[in-house]
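Trainee:
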Amino acid sequence: MTNPLEYLKKERIVELVKTLVSIPSVTNQEQGIADWIYEYFRSLGLSGVRRFPVKDSGDSVIGWIDGPPDRPSLMFAFHLDTFPVCAGWEGDPLTPRIENGRLYGLGSHDMKGGGACILAAVEAILASGLGLGGRLIVAGTTDEENWSRGAHALINSGLLESCQGCLIPEPSAPATLTVGARGRHVYHLAFQGNTAHAAYDEGINAVADAAKVVANLEEIDMGYHEEFDVRGSQCVIGFHGGGTLILVPEEADVYVDRHILPGQTAEEAAAQIREVVERAGIESTCRLTWDERPTPAPAPYVVPAESRLVQTVKRNMERELGMPARLCLQRSVADTNHFAVHGGIPTLVWGPQGGNTCQANEYVELDSMPTVTRIYIQSALDLLGTRS
Numbered sequence: 093m094t095n096p097l098e099y100l101k102k103e104r105i106v107e108l109v110k111t112l113v114s115i116p117s118v119t120n121q122e123q124g125i126a127d128w129i130y131e132y133f134r135s136l137g138l139s140g141v142r143r144f145p146v147k148d149s150g151d152s153v154i155g156w157i158d159g160p161p162d163r164p165s166l167m168f169a170f171h172l173d174t175f176p177v178c179a180g181w182e183g184d185p186l187t188p189r190i191e192n193g194r195l196y197g198l199g200s201h202d203m204k205g206g207g208a209c210i211l212a213a214v215e216a217i218l219a220s221g222l223g224l225g226g227r228l229i230v231a232g233t234t235d236e237e238n239w240s241r242g243a244h245a246l247i248n249s250g251l252l253e254s255c256q257g258c259l260i261p262e263p264s265a266p267a268t269l270t271v272g273a274r275g276r277h278v279y280h281l282a283f284q285g286n287t288a289h290a291a292y293d294e295g296i297n298a299v300a301d302a303a304k305v306v307a308n309l310e311e312i313d314m315g316y317h318e319e320f321d322v323r324g325s326q327c328v329i330g331f332h333g334g335g336t337l338i339l340v341p342e343e344a345d346v347y348v349d350r351h352i353l354p355g356q357t358a359e360e361a362a363a364q365i366r367e368v369v370e371r372a373g374i375e376s377t378c379r380l381t382w383d384e385r386p387t388p389a390p391a392p393y394v395v396p397a398e399s400r401l402v403q404t405v406k407r408n409m410e411r412e413l414g415m416p417a418r419l420c421l422q423r424s425v426a427d428t429n430h431f432a433v434h435g436g437i438p439t440l441v442w443g444p445q446g447g448n449t450c451q452a453n454e455y456v457e458l459d460s461m462p463t464v465t466r467i468y469i470q471s472a473l474d475l476l477g478t479r480s
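All residue numbers for the sequence shown refer to my numbering, where the first residue is 93 and numbers rise by one.
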């Protein structure tokens with residue numbers, strides 16, 4: 093038995109990310125890559141390899157390197173799906189292209205580069221023959237860019253109940269360890285007015301009333317988290333109503349994206365929106381609902397800085413990078429929120445660097461990937477321990 097780090101090769105990491113990028117896996121079209129991951133996990137000899145179907149999406153896949161059953165487990169997780177191809181790509185987005193130390197391809201940064209780091213880490217641990225002091229779970233999830241139904245399939249399976257921590261290689265800035273995230277809620281304001289002929293000063297215009305409310309939403313104080321220097325945010329993401337008929341529109345719908353901070357709740361944000369509606373002086377009625385989705389909303393969370401998980405990964409990052417690591421919050425949401433809040437698993441994010449994320453000509457920095465992989469390997473050894 094030898095140190096797994098001795099088996100880690102950059103060339104193998106590059107080979108893995110090229111393979112992952114070349115397999116199409118746009119959200120709700122992930123079955124092809126799920127099939128590949130399933131067979132790959134089996135070929136490695138992982139224990140417990142199984143699929144969890146996600147309707148109209150693709151299977152989430154799980155397996156693990158076994159450890160003593162009475163010991164806690166750790167999870168390495170990555171999502172399999174990508175955003176669709178957008179305009180502006182130079183060349184085929186599914187044909188990986190390497191230039192100046194960057195690998196270009198759809199999903200290369202979010203997050204097939206990170207997925208390759210995880211797979212390379214698992215290969216190195218297995219090749220070393222080193223026995224782990226606890227179970228190392230490896231999971232590929234589907235539907236992450238949509239509802240995170242793949243993450244919930246794993247949570248609901250019961251297989252994660254002994255899991256004491258999770259590492260996810262989402263795109264990261266240099267020397268930053270993400271220890272939490274803002275939460276996200278989508279609010280629906282349904283306005284009901286009263287129709288009439290548009291040529292006369294009659295009726296109650298739902299669209300005009302909705303516009304008054306939207307104009308006043310800027311008054312809301314989103315809050316500020318001093319420790320992480322981040323504010324809450326709000327964005328009107330939908331406004332629908334009326335048409336070309338010569339009628340006063342009696343219905344309008346507004347959708348508001350709200351990212352809330354740790355310590356804030358969906359109900360508190362809803363109360364702020366209701367206050368805006370009341371102050372707007374509209375004639376229409378307004379019904380407010382939120383989180384109309386098939387999975388629980390991704391609530392905010394923070395893993396305590398003093399926890400063993402944070403301190404272990406942070407120490408390994410600083411040793412590997414040769415500089416202090418800054419703790420930060422993820423500005424948006426991901427599977428991380430679901431594993432942390434709904435699965436009760438402290439979840440951290442550290443992944444490779446790159447650019448044009450979820451845009452045309454997305455790329456991952458190849459030199460950053462071995463560093464991420466080494467930190468994952470060493471953190472697994474430190475957190476799980478080893479056995480002869």
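Idealized CB from N, CA, C, for every residue including glycine.
#1: Answer with buried or exposed for Leu337, where buried requires no fewer than 16 other C-beta atoms within 10 angstroms of its C-beta.
#2: At the level of alpha carbons, what is the spacing between Ser135 and Gln403?
#3: Helix, strand or coil for Trp181, going by three-state DSSP, please let me know.
#4: Identify every run of the alpha helix (DSSP H) within the segment 399 to 430, keeping only runs that are complete inside it and at least 4 residues long; order them along the chain.
#5: Using CA coordinates, which residue listed in Asp173, Leu259, Ala243 and Pro176 is at the minimum distance from Cys209?
#6: Quick test of your reading: Gly324 and Leu353, contact by CB under 8 Å. State the CB separation rounded to the nearest angstrom.
#7: Which term fits Asp184, buried or exposed, when burial requires 16 or more other beta carbons within 10 angstroms of its beta carbon?
#8: By the three-class DSSP mapping on this structure, what secondary structure does Ser264 have?
#9: Using 8 Å as the cut-off, can you tell me whether the segment 149 to 160 makes contact with the segment 259 to 278, which would need three or more C-beta pairs spanning the two stretches below that distance?
#10: Based on the DSSP secondary-structure assignment, which residues constitute the bridge partners of Trp239?
#11: Does Ser117 come out as helix, strand or coil in the three-state DSSP assignment?
#12: Can you say whether Thr465 is buried or exposed, counting buried as having 16 or more other CB atoms within 10 angstroms of its CB?
#13: Can you name the start and end residues of the beta strand (DSSP E) that Trp156 belongs to?
#14: Nearest to Phe133 by CA position, among Phe320, Leu218 and Leu380, is which residue?
#15: What would DSSP say about Val395, mapped onto helix, strand or coil?
#16: Got a sec, what are the start and stop residues for the beta strand (DSSP E) Tyr196 sits in?
#17: Which first and last residues belong to the beta strand (DSSP E) in which Gly140 is found?
#18: Figure out for me which residue from Gln326, Val456, Phe175 and Pro438 has the closest Cα to the Cα of Glu191.
#19: Check whether the Cβ atoms of Pro161 and Ala245 sit closer than 9 Å, and answer yes or no.
#20: Are the segment 425 to 434 and the segment 362 to 382 touching, with three or more C-beta to C-beta distances below 8 Å?
#21: For Val462, count neighbouring Cβ atoms within 10 angstroms of its own Cβ and tell me buried if that reaches 16, exposed if not.
#22: How close, in whole Å, do the beta carbons of Thr76 and Asp173 come, if the pair is a contact with beta carbons under 8 Å?
#23: Look up Trp382 in the DSSP assignment and give the residues it is bridged to.
#24: Relative to the C-alpha of Ala472, which residue among Tyr196, His317 and Met409 is closest?
Mentor: Well, looking at it:
#1: In the sequence shown, counting from the first residue as 1, residue 337 sits at position 245. Label assigned to Leu337: exposed.
#2: In the sequence shown, residue 135 corresponds to position 43, counting from 1. In the sequence shown, residue 403 corresponds to position 311, counting from 1. If I take the Cα positions, the gap works out to 34 Å.
#3: The sequence position of residue 181 within the sequence shown is 89, counting from 1. Residue state, collapsed to three classes: coil.
#4: 400 to 413
#5: As a working mapping, residue 209 is identified with position 117 in the sequence shown. Of Asp173, Leu259, Ala243 and Pro176, the residue nearest in Cα terms is Leu259.
#6: Counting from one through the sequence shown, the residue named residue 324 turns up at place 232. Counting from one through the sequence shown, the residue named residue 353 turns up at place 261. That belief holds up - the Cβ atoms of Gly324 and Leu353 are roughly 5 Å apart, short of 8 Å.
#7: The sequence position of residue 184 within the sequence shown is 92, counting from 1. So Asp184 ends up on the exposed side.
#8: Taking the sequence shown and counting its residues from 1, one reaches residue 264 at position 172. Note: Ser264 maps to coil in three-state DSSP.
#9: no
#10: Translated into positions along the sequence shown, residue 239 becomes position 147. BP columns for Trp239 are empty, so no partner.
#11: Stepping through the sequence shown from its first residue, residue 117 is reached at position 25. Three-state DSSP puts Ser117 in coil, outside helix and strand.
#12: For the purposes of this step, residue 465 is taken as residue 373 along the sequence shown, with counting starting at 1. Thr465 comes out buried.
#13: Here residue 156 is taken as the residue at index 64 of the sequence shown, counted from 1. Run containing Trp156: Ser152 to Ile157, per the beta strand (DSSP E) assignment.
#14: As a position in the sequence shown, residue 133 is number 41, starting the count at 1. Of the candidates Phe320, Leu218 and Leu380, the one whose C-alpha sits nearest the C-alpha of Phe133 is Leu218.
#15: As a first step, residue 395 is located in the sequence shown; it is residue number 303 there, counting from the start. If DSSP states are grouped into helix, strand and coil, Val395 belongs with coil.
#16: One-based indexing of the sequence shown puts residue 196 at position 104. Counting along the chain, the beta strand (DSSP E) containing Tyr196 begins and ends at Arg194 to Tyr196.
#17: Start at 1 with the first residue of the sequence shown, and residue 140 comes out as number 48. From DSSP, the beta strand (DSSP E) with Gly140 extends over Ser139 to Phe144.
#18: As a working mapping, residue 191 is identified with position 99 in the sequence shown. Measuring from the Cα of Glu191, the nearest candidate turns out to be Val456.
#19: For the purposes of this step, residue 161 is identified with residue 69 of the sequence shown, where counting begins at 1. For the purposes of this step, residue 245 is identified with residue 153 of the sequence shown, where counting begins at 1. Contact: no.
#20: no
#21: As a first step, residue 462 must be located in the sequence shown, where it is residue number 370. The question names Val, yet the displayed sequence has Pro at residue 462. Its Cβ being crowded by 16 or more others within 10 Å, Pro462 is buried.
#22: No answer is possible for residue 76: it lies beyond the span of the chain, which begins at 93 and ends at 480.
#23: In the sequence shown, the residue the question calls residue 382 occupies position 290. Answer is Tyr279, bridged to Trp382.
#24: For the purposes of this step, residue 472 is taken as residue 380 along the sequence shown, with counting starting at 1. Ranking the options by Cα distance to Ala472, first place goes to Met409.
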